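Student:
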Amino acid sequence: MSPTRFSCVVCGFVIVPYPGTHWMGEFRAVYSNAEGTFISGVGHYTDPDRGTWFVPSDSSMRWNDPDCDFPLHDVFPVMRQSPENGRHGFVLHDSCWRLLQKFFEPVDVPIERLLSICKSLPFPLRGSGVCWSHNYGGLTTFDNEDHYPWEDRLTGPNNISETHAKENPYNIAEISDLLVHSSKSSQGSAGTTQGNDCFAIFPWEILEAVSINLSTADVLSLVRASRPFLPVLTSQTFWASRFEPGNDRDFLFEKRNCREPRDWIMLYQLTRGASSPPGLKNRRRIWELIQASAPSLRSHLSETLESPPSKLGVYDLEWREAAGDIQPELVLNNRSRFNSGCILFHKQSAVIPSGLSRIAFSVIANSVTGMRLISNNQMDICLGYINNGDELFLEVTAVCGLVLAIGSHGVQAIQVIDNNGQTSGWFGSPRDAPVTERLAAFGAITSLGVGVDGYKLVSIAAAGPRPIPYDSSLRATALWYPTVPGPRLFLNDVSFTGGCRLTAGYQPLVWIHFGGPKGIYLQSLRAICVTRLGDLCCIGFEYDTEDIPIEVRKLGRRKSTDLSHVTRFPIDGRAGEFIDAIGVSIERNDGENFHSVNKHGRLSSFKITTNRGRSAHFRPQGSTVDESTLVPLSMAPGTRLTGLYASQHPEEGLISLGAISEVVDNRKRKWESNVSDAVESNVEIQTLLF
Numbered sequence: 001m002s003p004t005r006f007s008c009v010v011c012g013f014v015i016v017p018y019p020g021t022h023w024m025g026e027f028r029a030v031y032s033n034a035e036g037t038f039i040s041g042v043g044h045y046t047d048p049d050r051g052t053w054f055v056p057s058d059s060s061m062r063w064n065d066p067d068c069d070f071p072l073h074d075v076f077p078v079m080r081q082s083p084e085n086g087r088h089g090f091v092l093h094d095s096c097w098r099l100l101q102k103f104f105e106p107v108d109v110p111i112e113r114l115l116s117i118c119k120s121l122p123f124p125l126r127g128s129g130v131c132w133s134h135n136y137g138g139l140t141t142f143d144n145e146d147h148y149p150w151e152d153r154l155t156g157p158n159n160i161s162e163t164h165a166k167e168n169p170y171n172i173a174e175i176s177d178l179l180v181h182s183s184k185s186s187q188g189s190a191g192t193t194q195g196n197d198c199f200a201i202f203p204w205e206i207l208e209a210v211s212i213n214l215s216t217a218d219v220l221s222l223v224r225a226s227r228p229f230l231p232v233l234t235s236q237t238f239w240a241s242r243f244e245p246g247n248d249r250d251f252l253f254e255k256r257n258c259r260e261p262r263d264w265i266m267l268y269q270l271t272r273g274a275s276s277p278p279g280l281k282n283r284r285r286i287w288e289l290i291q292a293s294a295p296s297l298r299s300h301l302s303e304t305l306e307s308p309p310s311k312l313g314v315y316d317l318e319w320r321e322a323a324g325d326i327q328p329e330l331v332l333n334n335r336s337r338f339n340s341g342c343i344l345f346h347k348q349s350a351v352i353p354s355g356l357s358r359i360a361f362s363v364i365a366n367s368v369t370g371m372r373l374i375s376n377n378q379m380d381i382c383l384g385y386i387n388n389g390d391e392l393f394l395e396v397t398a399v400c401g402l403v404l405a406i407g408s409h410g411v412q413a414i415q416v417i418d419n420n421g422q423t424s425g426w427f428g429s430p431r432d433a434p435v436t437e438r439l440a441a442f443g444a445i446t447s448l449g450v451g452v453d454g455y456k457l458v459s460i461a462a463a464g465p466r467p468i469p470y471d472s473s474l475r476a477t478a479l480w481y482p483t484v485p486g487p488r489l490f491l492n493d494v495s496f497t498g499g500c501r502l503t504a505g506y507q508p509l510v511w512i513h514f515g516g517p518k519g520i521y522l523q524s525l526r527a528i529c530v531t532r533l534g535d536l537c538c539i540g541f542e543y544d545t546e547d548i549p550i551e552v553r554k555l556g557r558r559k560s561t562d563l564s565h566v567t568r569f570p571i572d573g574r575a576g577e578f579i580d581a582i583g584v585s586i587e588r589n590d591g592e593n594f595h596s597v598n599k600h601g602r603l604s605s606f607k608i609t610t611n612r613g614r615s616a617h618f619r620p621q622g623s624t625v626d627e628s629t630l631v632p633l634s635m636a637p638g639t640r641l642t643g644l645y646a647s648q649h650p651e652e653g654l655i656s657l658g659a660i661s662e663v664v665d666n667r668k669r670k671w672e673s674n675v676s677d678a679v680e681s682n683v684e685i686q687t688l689l690f
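Set out below in structure tokens:
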């Protein structure tokens, strides 16, 4: 049996004692059973071969207390292990739990929220813990070159950062030395105000008070811009405030509310990342992770809207929905299968009030967690998890559509279309998320619905009175990455091999514009390269200039190996040669045991033909596909192929293919003038990617 090792849900490092790191084997579990949610006592994990997690259920007890024994009911199934009799938990180092307590002082750690969030986090196949969509402060690495953002990208631990990650982040012996070195108080310079600066009229005490309430970065900017603030650089009072909760040295909680004389400037310098001791570096890493999760732990879910749909009159409405990669309910009882995506816990819905005046969006990290509908004539309506005091507001009186950026874990960003047809800016960040206009084509949205997991929105639904405008095109219904193709591009939906996007589940379409706007890059096209590793991995394009944007050069992200086979077909773009036709062969499997992506037809091979009659058939080695059976990817009359789009399966590579074409300007134009047009057309894509 292979060893069972799990990582702390807070710091991301494994829970198992290393030589000289006794603290790493001491852990607690936040767990639930039929009686509620609890934090355990301190256990000691020493037997990875058995994979049994013994821990005292009494939170005040430790594994080495004289009167502590471990009855059978103190054995917990945790992390990937399946629940038993309604009992299941998530593990964290005892030192990390104590840091959580320090962070939330003087209130208790919200363990119900912590457990709910942990239940929402997937377990990457190559990892030993949960995925928060961050790298645990450099502890883990993601492969963004060979995987799309919604795939399981975790590649493993980052060995460079493991050195200080093994240091105890709570009990740090070197802190006493830092305090000794900074124990002699240094007299700060007296503040003076002079000159013509507008702040010169204020006494120093007011300027110092203003500085204390700003971040250190903002104060340094203020010092550069206004001379009256210059004395803040030697103000002991200001630098002492940096160690109070909410400021950039609050992780050194040993000196909170300290009133003894101290050289706070020196202490601030001694605790810089580069010069601080390893244990303090680890504490700072974990503290910043806790800071990032704190808004989700403090957010709350309104339960007043979980009413039966019939009470909302939804049977008189037509609903449309867009969602992340929601996993089936069975993963709740078989957590080893929850490797990616998200889980649906609850659904809420509400009628948009007639007196709508504003919408407040709660955005935490890279997720939209909730929305608050604010009206002039009734109480606010809350959907999802509300982050009070830190919301983004939109002034709007009617909602006629939504544009959504949806990652596999849920909703990342929202744009609102008002009754004038104007589209708002993004609320949240669409970076690295597929975008859909599935909810954009409403005459008016009268009701909204959301699906949530333990801390964020995983789906959004919208409804309007029947009948509503219906656009079944791929442009309107699919999830597109990196953004929705522009209206001047023909997507030639009829010949796409991937089936209906409304019934395909979470299967984003990735696309590239290898020919550039109006075919501007075609004249520089030198070759097409197709990489296979049995399956079709990627389709690449070579050019005779480095000025072509990198994001249009390859469709598909799969790691190449020594076994990969690359076929290169030259194209003489400078002489006017271009791809004139594409034919595809697909495999269909209609059996119940086949993945739904294969039921629509799985791409087996494709053939390109140029306007000069030259062709290449890219197929698996040993394939006997009859070229007479290839199905053409038809294109709109009068257009030329300038792009491709496809679905990528995480194990099977590119499984579908579609053609993007457009009207090409055949007039001879200088390259320099064309580049400016192309760059302008690619601004939106580059904004989303970089």
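Each residue of the sequence shown is one higher than the one before, counting from 1 in full-length UniProt numbering.
We put the CB at the ideal spot given by N, CA and C, even for glycine.
Here the structure is a predicted model, which means the values were calculated and not measured.
1) Under a three-way DSSP split, which group does glycine 279 fall into?
2) Check the C-beta distance from proline 295 over to aspartate 390 and give it rounded, since I have them as a contact under 8 Å.
3) Can you list, in chain order, the residues of its chain whose CB lies under 8 Å from that of threonine 37, leaving out five sequence neighbours each side?
4) From Gly540, Ser375, Arg50, pick the residue whose C-alpha is nearest to that of phenylalanine 618; which is it?
5) Consult DSSP for methionine 371 and reduce its assignment to one of helix, strand or coil.
6) Contact defined as beta carbons within less than 8 Å: I believe serine 495 pairs with proline 632. What is the distance between those atoms, to the nearest angstrom?
7) Would you mind listing the alpha helix (DSSP H) stretches within the region 550-619 that are 4+ residues and don't spill past its ends, in chain order?
8) Straight-line CA distance for leucine 479 to histidine 300?
9) Taking buried to mean at least 16 other C-beta atoms within 10 Å of its own C-beta, is glutamate 208 buried or exposed?
10) Within 10 angstroms of its Cβ, does alanine 350 collect 16 or more other Cβ (buried), or is it exposed?
11) On the DSSP letters alone, give me the boundaries of the beta strand (DSSP E) that alanine 462 sits inside.
12) Classify proline 309 as helix, strand or coil using the three-state DSSP reduction.
13) Using the C-alpha atoms, what's the distance from serine 447 back to leucine 312?
14) Is the beta carbon of glycine 464 sitting closer than 8 Å to the one on alanine 444?
15) Hey, quick one: how far does the alpha helix (DSSP H) through tryptophan 319 stretch, first residue to last?
16) What's the call for residue 692, buried or exposed, on a 16-neighbour Cβ count within 10 Å?
17) Quick check on DSSP: helix, strand or coil for glycine 36?
18) Where does histidine 181 land, buried or exposed, given buried means 16+ other C-beta within 10 angstroms?
19) Since I believe proline 48 is in contact with serine 95 (beta carbons under 8 Å), could you give me their beta-carbon distance rounded to a whole number of angstroms?
20) Quick check on arginine 669: buried or exposed, where buried means 16 or more other Cβ atoms within 10 Å of its Cβ?
21) Roughly how many angstroms separate the alpha carbons of leucine 139 and valine 10, rounded to a whole number?
22) Tell me tyrosine 31's beta-bridge partners as DSSP assigns them.
23) Drop a sphere of 10 angstroms on the beta-carbon of phenylalanine 123, count the other beta-carbons inside from all chains shown, and report buried for 16 or more, exposed for fewer.
24) Measure the CB-CB distance between valine 450 and alanine 413 and report whether it falls below 8 Å.
25) With a threshold of 8 Å, are at least 3 pairs of Cβ atoms found where one atom belongs to the region 543-559 and the other to the region 576-588?
26) Could you pull out every residue in the same chain whose Cβ sits closer than 8 Å to the Cβ of isoleucine 660, ignoring the five residues on either side in sequence?
27) Any idea if valine 55 is buried or exposed, counting beta-carbon neighbours within 10 angstroms, 16 or more meaning buried?
28) Does DSSP put isoleucine 632 in a helix, in a strand, or in coil?
29) Just the C-alpha distance for leucine 178 and proline 277, rounded to the nearest angstrom, thanks.
30) Let me check one thing: in DSSP terms, what residues is residue 698 bridge-paired to?
31) Out of Glu587, Asp626, Arg588, Gly576, state which residue places its alpha-carbon closest to the alpha-carbon of arginine 612.
32) Quick one, are the C-beta atoms of valine 435 and valine 403 less than 8 Å apart?
33) For phenylalanine 393, count neighbouring C-beta atoms within 10 Å of its own C-beta (all shown protein chains included) and say buried if the count is 16 or more, exposed if not.
34) Are serine 275 and glycine 498 close, meaning C-beta to C-beta below 8 Å?
Tutor: Result, derived from the coordinates:
1) Note: glycine 279 maps to helix in three-state DSSP.
2) Confirmed, about 7 Å.
3) Closer than 8 Å at Cβ, skipping near neighbours: Val30, Tyr31, Ile111, Glu112, Leu115.
4) Ranking the options by Cα distance to phenylalanine 618, first place goes to Gly540.
5) In the structure shown, methionine 371 sits in a strand (DSSP, three-state: E or B).
6) The beta-carbon distance between serine 495 and proline 632, rounded to whole angstroms, is 7 Å. This is short enough to meet the 8 Å contact definition.
7) DSSP runs (the alpha helix (DSSP H)) wholly in the region 550-619: 596-599.
8) Approximately 29 Å between the Cα atoms of the pair.
9) So glutamate 208 ends up on the buried side.
10) It counts as buried.
11) Alanine 462 -> beta strand (DSSP E) spans 457-465.
12) Per-residue confidence for proline 309 stands at a pLDDT of 42, beneath the threshold of 50, marking its modelled position as unreliable; the derived number appears in the next sentence. Of the three classes helix, strand and coil, the one that applies to proline 309 here is helix, per DSSP.
13) In this prediction, leucine 312 has a pLDDT of 42, which is less than 50 and means its spatial position is unreliable; nothing more can be read from the coordinates.
14) With contacts defined by Cβ atoms closer than 8 Å, glycine 464 and alanine 444 form a contacting pair.
15) Segment 317-323 is the beta strand (DSSP E) holding tryptophan 319; no alpha helix (DSSP H) there.
16) Nothing can be reported for residue 692: it is not among the residues displayed for the chain, which extend from 1 to 690.
17) Residue state for glycine 36 is assigned as strand, using DSSP reduced to three classes.
18) Taking all protein chains shown into account, histidine 181 has fewer than 16 neighbouring C-beta atoms within 10 Å of its C-beta and is therefore exposed.
19) Going by Cβ atoms, the distance from serine 95 to proline 48 rounds to 19 Å, so no, they are not a contact pair.
20) Confidence at arginine 669 is low in this model, with a pLDDT of 45, below 50, so the placement of that residue is unreliable and no value is reported for it.
21) Taking the straight line joining both Cα atoms gives about 12 Å.
22) Residue pairing for tyrosine 31: DSSP places it in a beta bridge opposite Phe38, Gly89.
23) By the neighbour-count rule (16 or more Cβ atoms within 10 Å), phenylalanine 123 is buried.
24) Going by C-beta atoms, valine 450 is not nearer than 8 Å to alanine 413.
25) As far as the Cβ criterion goes, the region 543-559 does not touch the region 576-588, which means the pair count is below three.
26) Correct list, in chain order: Pro485, Leu489, Phe490, Leu491, Asn492, Trp511, His513, Leu641, Thr642, Gly643, Leu644, Tyr645.
27) Valine 55 comes out buried.
28) What sits at residue 632 in the sequence shown is proline, not isoleucine. Collapsing the DSSP output to three states places proline 632 in a strand.
29) The alpha-carbon atoms of leucine 178 and proline 277 are separated by roughly 9 Å.
30) With the chain covering only 1 through 690, there is no way to say anything about residue 698.
31) With distances taken between Cα atoms, arginine 612 lies closest to Gly576.
32) Going by C-beta atoms, valine 435 is nearer than 8 Å to valine 403.
33) The residue in question, phenylalanine 393, is exposed, as its Cβ has fewer than 16 Cβ neighbours within 10 Å.
34) Cβ distance not < 8 Å, so serine 275 and glycine 498 don't count as in contact.
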